[in-house]
């Protein structure tokens with residue numbers, strides 16, 4: 004059995020808790036808060052407990068082999084750098100939960116907030132703890148998805164929807180680029196294991212694919228950390244609730260980019276390409292973010308641009324390629340997380356207690372909120388780099404590295420000047436934040452009467468501000484050991500000697516700090532009033548990243564899409580089918596022309612005339628169905644059913660009863676569903692004249708030629724395959740191992756639910772997605788006007804009923820299927836028993852979850868056909884979406900249970916169980932997986948049935964409205 008690993012628990016706990024939160028009632032505010040807080044605390048305690056292990060220089064690992072041959076393994080790896088980030092994520096996450104308890108309104112969907120929050124936390128911890136690059140990319144994209152949901156939490160507001168969409172688009176595209184870069188790195192190294200990659204720095208840097216890999220990976224990291232030129236999504240994400248901003252934009256999402264830069268620093272740094280790409284992006288973000296922050300009137304907007312600036316500082320440090328610069332970058336990641344999280348939460352308190360976060364409407368707030376004001380001012384001072392605060396220490400290290408020579412480049416020459424300029428602007432926007440909000444005369448009125456928040460709402464801010472002070476005063480005793488563990492895990496033997504002393508004497512970095520502090524203060528004294536009055540920044544005020552993004556999105560989703568639609572699109576199905584078939588013919592012809600096609604011996608020459616006649620019937624039905632499809636859809640469907648039955652008999656003939664049973668039930672259900680759907684298609688009339696002339700005739704011959712080539716091509720390929728001697732296959736393996744390792748005698752079913760269970764899991768997932776898509780499309784579908792009216796046969800019968808003096812209109816329609824409808828209703832229990840029979844025998848005889856699910860769905864179809872939509876749904880509480888979700892979860896959890904026992908995902912177990920009166924029967928864990936398949940197939944089929952059946956309800960409603968309209972007119 005698999006040993007429980009603390010690293011695995013740290014990752015799994017948030018996801019498990021998020022699922023637990025879903026089970027709470029909608030208004031469960033306190034239970035959801037408590038379970039989220041306890042989860043964050045548990046992750047923090049587990050991470051702290053691993054400090055002795057990582058402090059010794061070792062990495063705590065957990066590994067589950069998946070596809071070792073391809074380097075795809077579920078590997079978790081916690082070294083010192085991952086440890087300090089895990090503590091940061093879980094620690095600040097705990098503080099944010101305490102804060103959110105008082106910030107989130109009771110009217111908001113609190114359960115949904117904590118669901119997304121926990122899922123995002125788990126995704127971020129996955130990024131930090133991943134020991135496999137492919138696994139890291141998976142969690143990377145999950146952070147984009149759940150951040151989209153968190154930013155759009157207040158989805159009833161337009162800014163929240165726009166900000167979430169922008170963040171998802173930018174970071175999602177970056178994630179795709181990261182995946183490409185990771186695949187290239189894995190190709191170079193021959194493995195995706197992080198340890199192997201970190202040992203292959205020289206190999207990667209010297210490879211010809213280094214530059215493409217570097218560009219793609221940096222695209223992913225720069226978009227994630229909102230660095231120039233992708234910085235514009237972050238300010239728009241401020242439409243999220245403040246707890247989300249405090250968590251995502253201090254310690255988690257935006258830190259993921261710089262985290263990965265630092266993680267891969269030993270592998271990718273030290274080249275001119277690394278220096279130029281990151282140096283330009285970092286320097287531009289550092290200076291531009293600080294410049295734009297000065298002019299923001301929204302408090303959270305100011306903090307957003309300051310975040311861009313500080314992340315630019317970290318990016319610039321990492322670009323330098325110096326080990327000391329990497330130390331400073333890692334140190335500033337920690338410092339920025341503390342003072343920026345406290346500032347975001349202080350901004351939320353101000354907004355929560357005053358009703359506004361507009362700097363022009365806030366003034367003199369210190370007299371109303373002295374404690375909050377003091378905390379915010381200290382955190383702002385840390386952000387500005389004031390001495391005896393943590394921000395000052397990492398800024399001094401930044402200045403020390405900026406003045407060093409790292410490369411003979413204009414970028415390296417400009418680094419110290421950009422460092423002083425960006426730091427001076429940071430002082431300016433920090434002073435503006437303090438002065439505009441807390442100092443000066445208060446306005447005549449606030450939207451709400453300001454007052455101090457509850458203690459526990461203020462506690463997270465207080466805790467983080469105290470951390471800023473303590474680290475700033477005694478850094479070597481507080482953060483020093485933890486920083487050393489993180490740095491050595493990244494740099495290894497290249498770790499340089501460094502000092503965390505507060506005072507280094509009079510030197511160039513100190514002079515740069517003094518100049519930056521003085522210049523920033525002087526700039527605010529001179530331009531403070533102008534900053535308050537200005538509507539937009541000069542020079543760059545007209546350049547709006549959001550406007551560029553929106554125009555780009557319009558160009559892609561509207562103009563370019565319409566261009567492609569004009570060239571390739573059509574409202575008619577026939578041209579689309581022509582393109583698809585022609586593309587398939589071309590794709591099949593190219594390799595055949597290149598390598599040729601040879602045929603094997605025909606065989607012994609014996610011909611089974613009965614089998615040949617059977618196939619002649621099937622081919623005749625297929626050709627006749629195609630001929631009748633244009634005007635006689637019902638006849639075409641019946642003929643198509645004949646072809647399906649021939650296929651079913653063929654499976655029986657060739658000794659494949661399992662396939663035959665599945666084909667039979669699928670044929671029945673799909674025929675009925677198509678028949679129900681045909682009712683709502685527009686009518687076709689043979690009276691419409693066919694186009695004449697040589698051009699339409701030429702089009703018909705072209706389509707005929709494509710069809711003939713496609714059919715003859717498939718015939719030739721099939722003949723070539725079937726007349727050759729088959730090579731050695733794995734069929735013998737399945738025959739030998741089906742019972743001994745799968746516990747079943749039905750080899751086909753054992754393959755589906757055991758040997759190829761992962762394929763089946765993917766297939767049922769696709770089936771569920773298709774069912775949901777069909778339902779969504781049909782909800783918006785409105786039949787053609789000529790399909791809303793009653794069918795012609797019913798109208799004729801209705802007129803006949805009206806002509807009879809003793810009959811009411813519609814009496815024949817209500818009675819002519821009375822006996823069959825009663826029989827169909829009585830058959831429902833029989834169908835249930837048949838489905839149970841097919842399911843229970845499926846592991847040892849023809850049947851299984853899929854066939855049983857389709858048979859069960861046929862029972863529901865019979866009820867809809869017999870009694871109608873309204874009658875059935877009044878008596879049967881069918882929840883097909885729950886069937887789909889439950890089936891998918893059961894199948895997935897069955898596979899995950901084997902991992903808890905130390906085996907691969909979806910490993911099957913079986914044993915004989917003694918039952919009273921029955922005796923010994925084989926029981927396999929794959930049966931539970933098959934039960935999930937059964938549930939999903941039933942749910943998917945019934946969901947599509949409901950979507951079609953509800954068209955009848957809409958038709959009746961439309962008909963009644965039309966009759967009322969005529970009566971009133």
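Numbering (the working numbering), first residue to last: 4 to 972. All residues carry an ideal CB built from backbone N, CA and C; glycine is no exception.
In this structure, how does DSSP classify residue 69 when only helix, strand and coil are distinguished? Counting from one through the chain shown, the residue named residue 69 turns up at place 66. Correct three-state label for residue 69: strand.
Count the other CB atoms within 10 Å of the CB of residue 802; is the residue buried (16 or more) or exposed (fewer)? Residue mapping note: residue 802 aligns to position 799 of the chain shown, counting from 1. When all chains shown are included, residue 802 counts as exposed.
Counterpart residues of residue 76 in DSSP-defined beta bridges: On the chain shown, position 73 is the one that residue 76 refers to. 68, per the DSSP bridge assignment.
Distance between residue 471 and residue 395 (C-alpha atoms, nearest Å): Walking along the chain shown from the start, residue 395 turns up at place 392. Walking along the chain shown from the start, residue 471 turns up at place 468. Each residue's alpha carbon lies about 10 Å from the other.
Residue closest to residue 216, alpha-carbon to alpha-carbon, out of 190, 227 and 194: Taking the first residue of the chain shown as position 1, residue 216 is located at position 213. Across the set 190, 227 and 194, the C-alpha of 190 shows the shortest separation from the C-alpha of residue 216.
Ignore the nearest five residues each way along the sequence and tell me which others in residue 158's own chain have a CB closer than 7 Å to its CB. For the purposes of this step, residue 158 is identified with residue 155 of the chain shown, where counting begins at 1. Excluding sequence neighbours, residue 158 sits near 164.
Less than 6 Å between C-beta atoms, sequence neighbours within five positions excluded: which residues of the same chain meet that for residue 286? Reading the chain shown from its first residue, position 283 is the one you call residue 286. Counting only residues of its own chain and dropping the five nearest sequence neighbours on each side, residue 286 has a CB closer than 6 Å to the CB of 319 and 421.
Who does residue 133 pair with in a DSSP beta bridge? By one-based count along the chain shown, residue 133 stands at place 130. Per DSSP, 79.
So residue 742 is in the alpha helix (DSSP H); what residue range does that whole segment cover? Position 739 of the chain shown, counted from the start, is the residue given in the question as residue 742. In this chain, the alpha helix (DSSP H) harbouring residue 742 covers 734-745.
For residue 16, which residues from the same chain have a beta carbon less than 7 Å from its beta carbon, with the 5 sequence-adjacent residues on both sides left out? By 1-based counting over the chain shown, the position of residue 16 is 13. If we look at residue 16 and ignore the five residues flanking it on each side, its Cβ neighbours are 42, 45 and 46.
Cβ-based burial, residue 636 [other Cβ within 10 Å; buried from 16]: Along the chain shown, one-based indexing puts residue 636 at 633. Buried, since its Cβ has 16 or more Cβ neighbours within 10 Å.
Going along the chain, which residues of its own chain have a beta-carbon closer than 6 Å to the beta-carbon of residue 98, five neighbours each way excluded? Your numbering for residue 98 matches position 95 in the chain shown. Correct list, in chain order: 463.
Give the list of continuous alpha helix (DSSP H) stretches no shorter than 4 residues that lie fully inside the stretch 335-394. 373-387
Simplified DSSP state of residue 936, which is helix, strand or coil: Taking the first residue of the chain shown as position 1, residue 936 is located at position 933. Three-state result, residue 936: helix.
Give the DSSP-derived three-state secondary structure of residue 61 in the structure shown. Locating residue 61 in the chain shown gives position 58, counting from the first residue. Shown here, residue 61 sits in coil according to DSSP, grouped into three states, outside any helix or strand.
Would you tell me roughly how many angstroms separate the C-alpha atoms of residue 579 and residue 591, rounded to the nearest one? Counted from its first residue, the chain shown places residue 579 at position 576. Counted from its first residue, the chain shown places residue 591 at position 588. Taking the straight line joining both Cα atoms gives about 18 Å.
Reference residue 367, options 626, 432, 64 and 442, closest by Cα: As a working mapping, residue 367 is identified with position 364 in the chain shown. Among 626, 432, 64 and 442, the Cα nearest to that of residue 367 belongs to 442.
Below 7 Å CB to CB, which residues in the same chain sit around residue 142 once its five sequence neighbours on both sides are set aside? Along the chain shown, one-based indexing puts residue 142 at 139. Counting only Cβ-Cβ distances below 7 Å, and skipping sequence neighbours, we find 126, 129, 130 and 133.
Roughly how many angstroms separate the alpha carbons of residue 538 and residue 298, rounded to a whole number? As a position in the chain shown, residue 538 is number 535, starting the count at 1. As a position in the chain shown, residue 298 is number 295, starting the count at 1. Distance between the alpha carbons of residue 538 and residue 298: 8 Å.
Using 8 Å as the Cβ pair cut-off and three pairs as the minimum, do the stretch 666-681 and the stretch 939-957 touch? Contact holds: three or more Cβ-Cβ distances are below 8 Å.
Note down, in chain order, each residue of its chain lying with its Cβ closer than 7 Å to the Cβ of residue 151, except the 5 sequence neighbours on either side. For this step, residue 151 is matched to residue 148 along the chain shown. Taken in chain order, the residues that qualify are 167, 170 and 171.
Leaving out five residues before and five after residue 438 in sequence, what residues of the same chain have Cβ atoms less than 8 Å from its Cβ? Here residue 438 is taken as the residue at index 435 of the chain shown, counted from 1. 527 and 531.
Quick check: the stretch 238-245 against the stretch 278-285, are there 3 or more CB pairs under 8 Å? no
From residue 110 to residue 104, what does the alpha carbon distance come to, in whole angstroms? Taking the chain shown and counting its residues from 1, one reaches residue 110 at position 107. Taking the chain shown and counting its residues from 1, one reaches residue 104 at position 101. Each residue's alpha carbon lies about 13 Å from the other.
If you draw a straight line from the alpha carbon of residue 359 to that of residue 96, how long is it in whole angstroms? One-based indexing of the chain shown puts residue 359 at position 356. One-based indexing of the chain shown puts residue 96 at position 93. Cα to Cα, residue 359 sits roughly 25 Å from residue 96.
Leaving aside the five residues before and after residue 331 along the sequence, list all residues of the same chain whose C-beta is less than 7 Å from its C-beta, in chain order. Walking along the chain shown from the start, residue 331 turns up at place 328. Answer for residue 331: 320, 397, 400, 401 and 404, listed in chain order.
Any contact between the stretch 250-268 and the stretch 225-236? By contact I mean 3 or more CB pairs, one from each, below 8 Å. yes
Our contact map puts residue 326 next to residue 497 with C-beta atoms below 8 Å; I'd like the distance itself, whole angstroms only. For the purposes of this step, residue 326 is identified with residue 323 of the chain shown, where counting begins at 1. For the purposes of this step, residue 497 is identified with residue 494 of the chain shown, where counting begins at 1. Between residue 326 and residue 497, the beta carbon gap of about 5 Å places them in contact (Cβ cut-off 8 Å).
Extent of the continuous alpha helix (DSSP H) to which residue 492 belongs: One-based indexing of the chain shown puts residue 492 at position 489. Start and end: 483-494.
Closest to residue 290 by C-alpha separation, out of 322, 428, 910 and 254, would be which residue? Counting from one through the chain shown, the residue named residue 290 turns up at place 287. Answer by Cα proximity: 428.
Report yes or no: do the stretch 201-219 and the stretch 84-92 share at least 3 C-beta pairs separated by less than 8 Å? no
Report the partner residues of residue 301 according to the DSSP bridge assignment. The residue labelled residue 301 in the question sits at position 298 within the chain shown. Residue 301 is bridged to 361.
Among the candidates 768, 40 and 882, whose CA atom is the shortest distance from the CA of residue 894? In the chain shown, counting from the first residue as 1, residue 894 sits at position 891. Ranked by Cα distance from residue 894, the options 768, 40 and 882 are led by 768.
Quick one: grab the DSSP three-state call for residue 532. On the chain shown, residue 532 is found 529 positions in, with the first residue counted as 1. Looking at residue 532 - three-state DSSP - the assignment turns out to be helix.
Taking only three categories from DSSP, how would you classify residue 165? Locating residue 165 in the chain shown gives position 162, counting from the first residue. Three-state DSSP puts residue 165 in a helix.
Whose C-beta lies closer than 7 Å to the C-beta of residue 450 among residues of the same chain, with five residues either side of it excluded? Here residue 450 refers to the residue found at position 447 when the chain shown is read from its first residue. The beta carbon of residue 450 sits closer than 7 Å to the beta carbons of 357, 358 and 359 from its chain, once the five residues preceding and following it are set aside; these are given in chain order.
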